Ligand SMILES: Nc1ncnc2c1ncn2[C@@H]1O[C@H](COP(=O)(O)OP(=O)(O)OP(=O)(O)O)[C@@H](O)[C@H]1O
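Numbering (the UniProt record's numbering), first residue to last: 1 to 295.
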């Protein structure tokens, strides 16, 4: 990516006594919505926490709009952040939390604007200790949004949210994109990622496996669904080309990253397979990639 990157990790490593959480991680992101993907423990929160200045890197550099990130450093005013675990003081009221956080930013939005987007208006006098998990998550997102900062970091923004909450977050992500903000999220919600993320970066064991535009990543992975019929037992070779699922009486689906080879096998060995081919979802494509890596 070019010099216009908003956020940059350069060779960042984070080690704990018995664990390398992030290994020589480099990534540059500009405006748009970006998603870090990966299994539990892959290093997503570690990368985001270092960017937020919540954790210090063991080595490497991180910058936001050219400003070097330091733990609890001045770059914090450039970032609105929703951490994965939300712990607001239980006796503080929602409006008090909002006021407390707003003073740390140069141009915060007012509470009414963000509360309306996240249906928090009626909760302004509620103590944080009595909020539900979903309401706490909404408050976390409201607080990040209120910063009106050029960079927004959302760690699992959809966790515990109901249908309306998810729709509200999707709308917010699209609005932030319109405002040319740089939004970085970690998520396991592939439907939401496909709907909103311009780029995805897949982590495994603290390292980057893949990174690029969401659609390009799907193309690179080349994972497809092959739906077909068979009245006889399937050739054993088919299961070596991917995962076979039985969808019904004589109906099957193969998820494969070798669609050409698998198509030839199906058409060449089965009678009237009525083969249909479609592109796999990002979730299945990533699943196949991670499974292949384990072989
Ligand atoms: N404070 C800590 N002390 C020791 N190890 C830690 C600490 N924080 C994280 N780790 C380890 O670092 C690795 C990366 O953790 P991280 O939280 O970044 O993963 P993640 O990709 O965000 O996972 P999840 O999807 O579960 O949130 C994990 O193996 C985790 O156990």
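Beta carbons are placed, not taken as given, at the ideal position from N, Cα and C, and that holds for glycine.
All values derive from a computational prediction rather than experimental measurement.
Out of 136, 108, 186 and 175, state which residue places its alpha-carbon closest to the alpha-carbon of residue 162.
136
Please decide whether residue 170 counts as near chain B, where near means a Cβ-Cβ distance under 8 Å.
This model lacks chain B altogether, as it is built from one protein chain only.
Would you mind reading off the limits of the alpha helix (DSSP H) that contains residue 165?
163-178
Of all the alpha helix (DSSP H) runs that stay within the bounds of the stretch 120-158, which reach a length of 4 or more residues?
133-146
Outcome for residue 44 when other beta-carbon atoms lying within 10 angstroms are tallied against a minimum of 16
buried
Just checking residue 107 against ligand 1 - is the residue's beta carbon closer than 7 Å to any of the ligand's heavy atoms?
no
Pick out the complete beta strand (DSSP E) segments inside the stretch 10-64, 3 residues or longer, and give them in chain order.
19-29, 32-37 and 59-64
Which residue spans inside the stretch 210-283 form an unbroken alpha helix (DSSP H) run of at least 4?
214-221 and 259-269
How would you label residue 18, buried or exposed, when you count the other beta carbons within 10 angstroms and need 16 or more for buried?
exposed
Can you look up residue 117 in the DSSP assignment and give me helix, strand or coil?
helix
Please tell me whether, using a cut-off of 7 Å, the distance from the CB of residue 287 to the nearest non-hydrogen atom of ligand 1 is below it.
no
Shortest alpha-carbon distance to residue 297 belongs to which of 90, 37, 99 and 158?
This structure gives no information on residue 297, because the portion of the chain shown stretches from 1 to 295.
First through last residue of the beta strand (DSSP E) which encompasses residue 186
182-186
Coarse secondary structure for residue 207, derived from DSSP in three states:
strand
Quick check on DSSP: helix, strand or coil for residue 1?
Its pLDDT being 41, under 50, residue 1 is placed unreliably in this model, and the coordinates cannot settle the point.
Whole angstroms are fine: how far does the CA of residue 211 sit from the CA of residue 1?
With a pLDDT of 41 at residue 1, under the threshold of 50, the modelled position of this residue cannot be trusted, and the question is left open.
Is any non-hydrogen atom of ligand 1 found closer than 7 Å to the C-beta of residue 57, if you look at the structure I gave you?
no
In or out: residue 132 buried (at least 16 other Cβ within 10 Å) or exposed?
exposed
Per-residue burial, residue 228 [other beta carbons within 10 Å of its own, 16 or more giving buried]
buried
I need the boundaries of the beta strand (DSSP E) containing residue 82, first residue and last residue.
79-82
To the nearest angstrom, how far is the alpha carbon of residue 187 from that of residue 36?
7 Å
Using C-beta distances below 6 Å, list every residue in its chain close to residue 253, excluding the 5 sequence neighbours before and after it, in chain order.
225, 227, 245 and 247
If you pair each beta-carbon of the stretch 147-162 with each one of the stretch 184-204, do three or more pairs fall below 8 Å?
yes
Supposed contact pair residue 260 and residue 34 - C-beta distance, whole angstroms, cut 8 Å:
Rounded, the Cβ-Cβ distance is 32 Å, inconsistent with contact.
Would you say the beta carbon of residue 126 is closer than 7 Å to some non-hydrogen atom of ligand 1?
no
Near ligand 1, which residues have their beta-carbon less than 5 Å from any of its heavy atoms, given in chain order?
16, 19, 21, 40, 41, 42, 43, 44, 45 and 46
How about the stretch 7-16 and the stretch 60-78: do they share at least three Cβ pairs that are nearer than 8 Å?
yes
Buried or exposed: where does residue 284 fall if 16 or more other Cβ atoms within 10 Å of its Cβ makes it buried?
buried
With a cut-off of 8 Å on the beta carbons, I'd call residue 196 and residue 170 a contact; round off their distance for me.
6 Å
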